[in-house]
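Residue numbers (the working numbering), protein chains in the order written: chain C, 708 to 821; chain R, 0 to 111.
Heads up, the beta-carbon is just placed ideally off N, CA and C, and yes, glycines get one too.
As the structure is a computational prediction, the values presented were derived from the model and not from experiment.
Read the structure below first, then the notes.
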C-alpha cells in the first residue's frame, strides 16, 4: 500500500509563532494535498500540488502557505499561528489527478495553538 | 451549505445486520464518488469508488450510484464490530485534477 508519513505527529504552538508541518510520500505520486479535519466541518482542502515546485490554493488557504521542494515532500506552513488553526491536519498523495487515482492519507498531525 | 450531504449523521446496527449510508451532491458538475472509512484516531482509508451508474460489489460492501440525482449509497451487509467507524463520502469532477469534496460523514456503530 502507498506510504505517506507526516511529522510531527503532535505539536503545541503559541499564538503568533511559526509552524511547519511536513509530509513525505514514497509512492512517486505527482499530486499531494493538505487537509484539515474539524468537527462540524469535515475534511477541507487547504493547498495542493501537481508536482515539485507547484502549489495551488484549495478551499481554505487563508493563513497557510505550502511548499513542494521535491516529488516526495510537501510542507504546510503557518507563518503566524492562531488558535483557530487548532485542528488535525492530514496530508494525502494521489497519482496524477485522474478519476481513478485513490488519495492515500498520512497518519495526521494534531496541532494545538495556545 | 455543504456541497456533499451525507445521511444519517449516525447509525447503530446490530452485529450481522445491514448498514445503509447515503450521500448526495448539490454540485451538478460532480460525476464520480469515493467512499472512505476512518476509524477513531486514524486517517481516512479508501473503501470503494464508483464512476458509472449502477452497482458495484466488493465482498460485504455494495455501492450504488445514480448520476441523474447525484446520489450514491453504501451498503454493508453482515456488519461487524470492526466496521464501526466514520464513513466519508467524497465527490469529484472529471478534469478537476483529482480534487475531492468531502461530506461530514456518517458515524456507524455496530453493536455486538
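{"query": "The beta strand (DSSP E) enclosing residue 736 (chain C), as first and last residue numbers", "result": "Careful: residue 736 (chain C) lies outside any beta strand (DSSP E) and carries neither H nor E."}
{"query": "Residue 41 (chain R), buried or exposed, once every other Cβ within 10 Å from all chains shown has been counted against 16", "result": "exposed"}
{"query": "Neighbourhood of residue 25 (chain R) by C-beta distance below 6 angstroms, restricted to the same chain and skipping five residues each side", "result": "2"}
{"query": "Closest Cα partner of residue 19 (chain R) within the set R:61, R:51, R:65, R:98", "result": "R:61"}
{"query": "Contact under 8 angstroms by Cβ, residue 29 (chain R) with residue 90 (chain R)", "result": "yes"}
{"query": "Inter-residue spacing [alpha-carbon to alpha-carbon] between residue 92 (chain R) and residue 715 (chain C)", "result": "32 angstroms"}
{"query": "Status (buried if at least 16 other CB within 10 Å, exposed otherwise) for residue 820 (chain C)", "result": "buried"}
{"query": "Nearest neighbour of residue 800 (chain C), chosen from C:717, C:727, C:758 [CA to CA]", "result": "C:758"}
{"query": "For residue 81 (chain R), three-class secondary structure by DSSP", "result": "helix"}
{"query": "Rounded straight-line distance, which links the Cα of residue 737 (chain C) to that of residue 96 (chain R)", "result": "11 angstroms"}
{"query": "Contacts that residue 107 (chain R) makes with chain C (C-beta to C-beta distance below 9 angstroms)", "result": "None at all; the shortest Cβ gap to chain C is about 16 angstroms."}
{"query": "Start-to-end residues for the beta strand (DSSP E) that takes in residue 96 (chain R)", "result": "Segment: none, residue 96 (chain R) is in no beta strand (DSSP E) and carries neither H nor E."}
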